[in-house]
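Shown next, in structure tokens, is the structure this report addresses.
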Amino acid sequence: MTDGIKRRDFLKVVGAGSAGATLTGCSTEQVERLIPYVVPPEDITPGVATWYTTVCDGCSAQCGMWVRTREGRVVKLEGNPEHPVSGGALCSRGHASLQHLYNPDRYTGPMIREDGELRPATWEEAEDLLAQEIQSAGGNVLFIGGHMGPSMNRLVSDFLGAVGGNRVQYEAISDAPLRAAAQMAFGHDVLPRYDIEHAGFLMSFGDDFIESGASPVAYQRQYARMASADDHGAKGKFVFVGPRLSLTGQNADEWIPIRPGGEAALALGMANVIAAGGGNAGPYASVLAAYDVGTAAQMSGVSESTIRDLADRFVSEGPGLALGPGVGGHHRNATGAHLAALILNAVAGSVGRTVHLEGGPRSASAPYADMEAAIGAMADEQVGVVMVHGTNPAYSLPTVSGFNDAFTSVGFKVSFSSAPDETSAMADLILPDRHFLESWGDSMPMDGVMALRQPVMQAVPYFDSKQAGDVLLSVAARNGANLGAATFYDFLRAQHQASHEPAMGDFESAWRRTLKTGVAMHAGAMETGAAAALRPLDSAITFDAPSFDGDGDFVLLVHPSPRFGAGELSNSPWMLELPDPVSKITWHSWLEMHPHAAEARGIREGDIVTVASDQGSVDVPVWLYPGIREDAVALAMGGGHTDFGRWATGNGVNAMDLLPAVTEQPSGAMVTVATTVTVSPTGERRRLATPEGSDDQHDRPIAPAVALADLGHEDESHEEGGHGELQELQGGGGFLPVPAEGGAPEAFPLEGARYGEYATAHEGPRWAMAIDLDKCTGCSACVTACQAENNVPWVGEEQVLMGREMHWMRIERYYEHVDATEASHLDVRFLPMLCQHCGNAPCEPVCPVFATYHTPEGVNAQVYNRCVGTRYCANNCPYKVRVFNWYRYTDENVPEPMNWQWNPDVTVRTNGVMEKCSFCMQRIREAENQAALEEGRPVRDGEIVPACEQSCPAEAIVFGNVRDPESRVSQVVANERTYRVLDELINTQPAVNYLKKVTFHEVQSGGHE
Amino acid sequence: MATSTATERGALTHPDVEQLSDVNRDVLKILSKPGKGWWILFLIASAGVGMFLGSWAWQVYRGIGVSGLNAPVGWGVYITTFVFWVGIAHSGTLISAILFLFRAPWRQSIYRAAEAMTVFAVMTAGLFPLIHVGRLWHAYWLIPYPNSRFLWPNFKSPLVWDVFAVTTYFTVSAVFFYLGTVPDIAAARDGSKGLRKKLYSVISLGWRGTDRQWHHFGKAYIFLAALATPLVLSVHSVVSWDFAMAIVPGWHATIFAPYFVAGAIFSGVAMVITLTVVMRKVFGLEAYLTTKHYDAMAKLCLLTSLIVLYAYLSEFFMAWYSGEEIERTAFWNRLFGDYWWATWIMLTCNGLVPIMLWFKRIRHSIPALFVISIFINIGMWFERYVIVVTSLHHEFEPWAWGIYRPSLTEMGIMVGSFAWFGFWFLLFTRLLPPVAIAELKEVLPPPMRKRTKEAHS
Amino acid sequence: MKKHWLIGGLAGALTLSGLAFVRAQDAQVAANADDPQAYPSGQPIAFPHNQHAGSEPGQNNMDCMFCHFSAERSVDAGIPSVSLCAGCHQVIPGRNNPEEVQKVMQYWNDREPIPWVRIYKISDHAHFPHMRHIAAGFECQECHGEVQTVEVINQRDPVWGGDNMGWCVDCHRREEASTDCSVCHY
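Chains as they are written, first to last, in our numbering: chain S, 1034 to 2042; chain R, -18 to 438; chain G, 42 to 227.
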């Protein structure tokens, strides 16, 4: 192409590799240099990817990762299948952490503030300065740190021990109430491990375990296994209790739209019923006595019959599992709610079956109370030097918490932040830390699981960064303290050598093994112990509904964003452009409000309203959401950064401006559901930047479902799902039925499918995909994975507003039944939509230049360099999965060094070119090349794994050769639930098969409510 | 070709033309010094052309994104305007070729203008496929030619058919147009001097009006007319297949070919009325463009408008009758969806307004016809807009429904294309006899001496 | 008469120029490549391929893949690292023109990569996996020409088809390899 195509462009940036580096595609006007290695790294072959293991640090769940590098550059992150947390999958945020490695806004080196201005400095002077400041501070050092691995944790303690000072761990998202509740109930100061996979009746009292919380990927995998119908038609049930449907909530089979804070009463009411039915309430019998069904119903607003019914099923359909409120549900009595849930589990006998006190996640669970104390100390000028590492309190604390004033009052402020954030903006000294992909470290995500973090590429040269551990060591050394190691690497090794068990062979080989596999499972990891017994209540705790500040008419629900967490990932264009899994809105913030509530106030969708609490107010557009109670509004964290890089700064609003600084008692956690707000229109409007055209299927066979009861009798279920038998369009018009069990392998290609472009090719593979909608949770990890793998550019907010988003894969979300007024069944359908690679593809015959056509392997290929840009194919695509390069997005939107992330195996598209899902053609070719080199053996099933399948935490996607009856995809497709979108209407014969969602309630023909 | 009966009919056609020499005088007068009106129009047109080319250049430089197009609406104003101009082109050939073959007596004085309109309209239309592609610099890949890639265009694609249809149509109508003008150019040559004379001598191909030349001329003319006639039907059928061949609800209909052809003639005749009324005024051709001509054209409009209206209604009927939920939604959305206004403009301008043409008084009132013809032009542009946009923005996949808002650049190019057309048409009126002198004379009464004596006695 | 050949001539000229334009479009890349101006500066070191790979007496008859090490296992053939050059040239001063060898050692001592000028390249939207072609039993010469016989390589070498799709397709057809577009374009 004339320009723009810059696959491998980044190769010229550092002298490595002999792959062609080009600036201007075809034209060879200027001389192109081949830059050989001086000394070749033994583990790198140019043109061949090298994989390393490390640990994701996107959140405190610490998933194990495989990192794909090309010529020394990280190009893709994937889950490490051997790691118990990630299990081979990775969430969107995990993928996006790659964009923070190449974040163009990172600090270019250490900075020192001189008379108000930051100036670049050398590491020498920076460390000297810090050393002497600590000297003069005389032991008054305060270290504010986020989540960190055991070794770093130890180092910080040693450091503070040496120089004198104390530390506080602070994380915006923390499970402190659960920890406190577990301490009260069982006397173990741990986070319990939920065995969701083996639960039969799952109840979440506001725990958003799929998108946020202790371990999203692991819990989501477990949930998908539990909630999907197996071959015997068995399927776990999920009831969501909460005022707002989070992504987790949207996945539920039933929704109890309980008033905020009513969870405890409901749980205790249920426990009461179960106890009456013979459950063992232990020391809590007296407590439960106070919560007979009547009281519980009256306190929770849930009808008595519902409570009884739930209680019965919690036992009968068990093993039951109740999860207390997550971060998005932390109200003033959150610990009480957690305790109530644990009591319910205990009474129902679930403890030891689905709730375990061993091997639980070691996620962030430090109380915010410590932070409050620290703020006090800083305000009282008891702190000489404050150091902030791995957290951003200036942004993620309520504005009224007084952190900023206290922080600025400290004499000397140090930030280890590698990129600008609100806290480092106030610092006097900035010591940019390495990104976790550039640094050493370790992690212990749960008991008995130890994983190592290793630098998978040399530090990005633009940014002169240094690992915080090394800085601490050298600063300590400057102050004459010897912490037993010169570099953090040595320190790390020493730590592991010390804890090394001789049973596992000599240390060196064990170390290597761990680096290779990425994880070391110690003896007794995750074994389930005996059921712990309830301890009598020894401290004051209330189960009553919490109070809310202010007299506004809406309770404000502040929840972590599925995309940004608490705002750590707000500067990633991938995350900004990823449609929010719940609202599907990109880039900007929004206020969730129930349509009735809005109507009553004359508010329409897109109206910009002023949301005001006693603490402050923000202006934000309204999004009407049937999945939230009429007396509540919701705002996600992660917006409204004031100093966080070019994309995040000034984008959206920060919910923290509205929250009071309240600590939950007794856990001391930060309260996110604390206040009421008033909502008043400003009179202004804006269009919401969303790809959503309609949330209603209009009775079209797009995402049908089948009732569990109807499984097993195929003949009916055909009509049920609106999936008639496959039909072949005849030359003279009309349809000829083709024998095929619901799209079973022999249906590809249909006999006499002479309308497919591949008519002549009946041997060789036929690539196809199967997506189980009963597993898919709509988490959107596949969308980001695809974007990372296929060099899909982001287009920016104003282009999304024009309807020009470029994702090759999207998650459609259709409401079938959502009722926020009373407890009832819930039916929200998710549909991952990508190119269907139709056998009779409407896009193919209309292309005037054969830029799109059918390969002999049945893939609908798109030849970018042949495309003229008539867009006829996109018009004629009934699935609307073709996206167009309206501008030179890949040039204009991608600053250095973000283009280092481009996948060298995929052409980077220029403007005026159509593109779409290719079934990861580059991965197919890679596998074929590999097979050919190994004396021409055929490609094995499972060797080709598209990016979406690879990263799906729910294991919903399977890809393979559907012509081989043994292949996984053939096995999955041979299922009565199989259907193909719109196929019976327009006979496109897609290669992508979907397995219908299975519901507990009846669905009418066409698979609808 | 002139027959004795033609004389009388001719006499009726142009009652105010006394003798043959008047024709030369009046028509060739147009070619002499232009009046104020012409200059004003020409300046406006030139400015418009500037805007046209400027907007296009900006789009090529910046990327097709400067349009308002998006997914799902990949085609918009550009394709709308393309179809519009192709449609305009048709009536020219209809009037000059078909009516010629049918010996319709009233065509003589308007067909020259109509043909010129055809040529320039196709010229304009031909630009739009180039304007709307994402990579103009590769558009030549649509042309089949032996190349080093061993690749041919996809002959299954209606867009490739378009390439053939439009280029053929342009060639034939241009040749037909030129041939018809030769005798008149010769006439102009004889009446002019200097540079113009040189120019006219060359392009009149040494026409001397000998009997032999007339003989050949007549033969060639009738052959070309026969050749052009099927094109009138084929070209717009092919254009309609751009849509009918797709599976988009609202496009995929067998009625499209006849429906488009009728619409094309409808809009074309309307445009002829618009143009000739202006010419008539600016160049004082009242004697040559009489109500009789306009009456005939108005009837043609009336007929085609009825056909088009029928097509509209049958489309809606079929959508309902098919029972296809998606088809029904598409047409319901057409009437009451986001683009309801466009649909209602279309129905009003093309269905209701022409009903007035039933009345003779209106058919005979030039101003009324002028206004109505403008309405029809607008209505026909919106017809294409409705077909293209409303069908695309609500398709099979509800999640992917979207809204399309034309951008300024698009509007600039669309409006500019009218200027571009006008620019050429105005030049034509100054350089070539805009009324067919020779053929007009055929229908005028032969010259005879005044009967002065009897007046005496 | 006169006008006939005039018109005929015009038409002919028009057609020819049209074809010329189109051919030019195709040939653009190859043309640029052939244009000596495209490579204003020669190679940093006058590296004689024939001296290394040639089989004439006095030439070293080295295997191509001794230096282009990854051709049989990677999509890229690989450019020898400076250390590889230095490995031999520490002991081989170079018979014919030692000053050039000195340059090599200079780069090595400075630990600087040698900025070779690229000769053979295809567009980035086409993928050419070297190992597949080596595995299929092709000689390097079949695409790169008799490199071992020439001292200075340039793209005028008749064997090299430049960035010309027809040249690839031609061979793929001859060898009955797949001519599916997505084999190279993805």
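A virtual CB, placed ideally from N, CA and C, is assigned to each residue, including glycine.
| Taking 8 angstroms as the CB-CB limit, is residue 49 (chain G) close to chain R? | no
| query | Under a three-way DSSP split, which group does residue 1504 (chain S) fall into? | reply | In the three-state reduction of the DSSP assignment, residue 1504 (chain S) falls in the helix class.
| When DSSP builds the beta bridges, which residues end up paired with residue 1456 (chain S)? | According to DSSP, which records beta bridges pairwise, residue 1456 (chain S) is partnered with nothing at all.
| task | Answer yes or no: do residue 1870 (chain S) and residue 1714 (chain S) have a C-beta to C-beta separation smaller than 8 angstroms? | result | no
| query | What is the rounded straight-line gap between the Cα of residue 2033 (chain S) and the Cα of residue 1959 (chain S)? | reply | 43 angstroms
| Can you name, in chain order, every residue of its own chain whose Cβ lies under 6 angstroms from the Cβ of residue 78 (chain R), other than the five neighbours on each side? | 206, 209, 210
| message | Please classify residue 1575 (chain S) as buried or exposed, where buried requires at least 16 other C-beta atoms within 10 Å of its C-beta. | response | exposed
| field | Buried versus exposed, by CB contacts within 10 Å (16 or more), residue 1528 (chain S) | value | Classification of residue 1528 (chain S): buried, given that the 10 Å Cβ count is 16 or more.
| task | Would you give the residue range spanned by the alpha helix (DSSP H) that residue 1183 (chain S) belongs to? | result | 1183 to 1196
| request: Return the CA-CA distance between residue -14 (chain R) and residue 4 (chain R), expressed in angstroms with no decimal places. | output: Note on residue -14 (chain R): pLDDT 41, under 50, position unreliable in the model; the coordinate value appears next. Rounded to whole angstroms, residue -14 (chain R) to residue 4 (chain R) spans 20 angstroms at the Cα level.
| request: Identify, in the order they occur along the chain, each residue of the same chain with its Cβ nearer than 7 angstroms to the Cβ of residue 1434 (chain S), setting aside the five sequence neighbours on each side. | output: 1408, 1694
| Burial state of residue 1494 (chain S), where buried means 16 or more other Cβ atoms lie within 10 Å | exposed
| message | I'd like to know whether the C-beta of residue 1905 (chain S) is nearer than 8 angstroms to at least one C-beta of chain R. | response | With a threshold of 8 angstroms between beta carbons, residue 1905 (chain S) makes contact with chain R.
| said: Using only CA atoms, which one of S:1243, S:1643, S:1926 lies nearest to residue 1985 (chain S)? | reply: S:1243
| query | CA-CA distance, residue 1283 (chain S) and residue 1615 (chain S)? | reply | Spanning the alpha carbons of residue 1283 (chain S) and residue 1615 (chain S) requires a straight line of approximately 8 angstroms.
| Between the CA atoms of residue 1110 (chain S) and residue 1189 (chain S) - distance to the nearest angstrom | 29 angstroms
| request: Ignoring anything shorter than 3 residues or poking outside the segment 1573 to 1637 of chain S, list the beta strand (DSSP E) runs there in chain order. | output: 1587 to 1592, 1624 to 1626
| task | Answer with yes or no whether the minimum CB distance from residue 72 (chain R) to chain G is below 8 angstroms. | result | no
| Buried or exposed: where does residue 219 (chain R) fall if 16 or more other Cβ atoms within 10 Å of its Cβ makes it buried? | buried
| query | Does any residue of chain S bring its CB to less than 8 angstroms from the CB of residue 228 (chain R)? | reply | yes
| query | Measuring CB to CB, does residue 1861 (chain S) end up less than 8 angstroms from residue 1846 (chain S)? | reply | yes
| query | I think residue 419 (chain R) touches residue 171 (chain R), with their Cβ atoms under 8 angstroms apart; what is that distance to the nearest whole Å? | reply | At roughly 13 angstroms, the Cβ-Cβ gap does not stay under 8 angstroms, so residue 419 (chain R) and residue 171 (chain R) are not in contact.
| query | residue 1676 (chain S) and residue 1682 (chain S): beta carbons closer than 8 angstroms? | reply | yes
| Which runs of the alpha helix (DSSP H) spanning at least 4 residues fall entirely within the segment 112 to 174 of chain R, listed in chain order? | 139 to 172
| query | Would a C-beta distance cut-off of 8 angstroms place residue 2002 (chain S) and residue 1802 (chain S) closer than the cut-off? | reply | Against a cut-off of 8 angstroms, the Cβ pair of residue 1802 (chain S) and residue 2002 (chain S) comes out as a contact.
| Meets three-Cβ-pair contact criterion under 8 angstroms: the segment 206 to 220 of chain G and the segment 110 to 118 of chain G | no
| task | Could you name the residues of chain R that residue 210 (chain G) contacts, counting a contact when the two beta carbons are closer than 8 angstroms? | result | 130, 131
| Counting only beta-carbon atoms, is residue 53 (chain G) nearer than 8 angstroms to chain R? | no
| Can you give the Cα-Cα distance for residue 154 (chain R) and residue 203 (chain R), rounded to whole angstroms? | 13 angstroms
| field | residue 194 (chain G) at chain A interface by Cβ criterion, 8 angstroms | value | Chain labels in this structure do not include chain A; the protein chains are S, R and G.
| From S:1125, S:1418, S:1880, residue whose alpha carbon lies closest to that of residue 1902 (chain S) | S:1880
| query | Hey, would you say residue 1240 (chain S) sits closer than 8 angstroms to residue 1358 (chain S), going by beta carbons? | reply | yes
| message | With distance defined between alpha-carbon atoms, name the residue in S:2037, S:2031, S:2035, S:2036 nearest to residue 1266 (chain S). | response | S:2031
| request: Rounded to whole angstroms, what's the CA-CA distance from residue 22 (chain R) to residue 260 (chain R)? Just pull it up for me. | output: Linking residue 22 (chain R) to residue 260 (chain R) through their CA atoms gives a straight-line distance of about 11 angstroms.
| Taking the alpha-carbon positions, what's the residue 40 (chain G) to residue 109 (chain R) distance? | No information on residue 40 (chain G) is available, as it lies outside the stretch 42 to 227 that chain G covers here.
| field | N-terminal and C-terminal residue of the beta strand (DSSP E) that residue 1655 (chain S) is part of | value | 1650 to 1657
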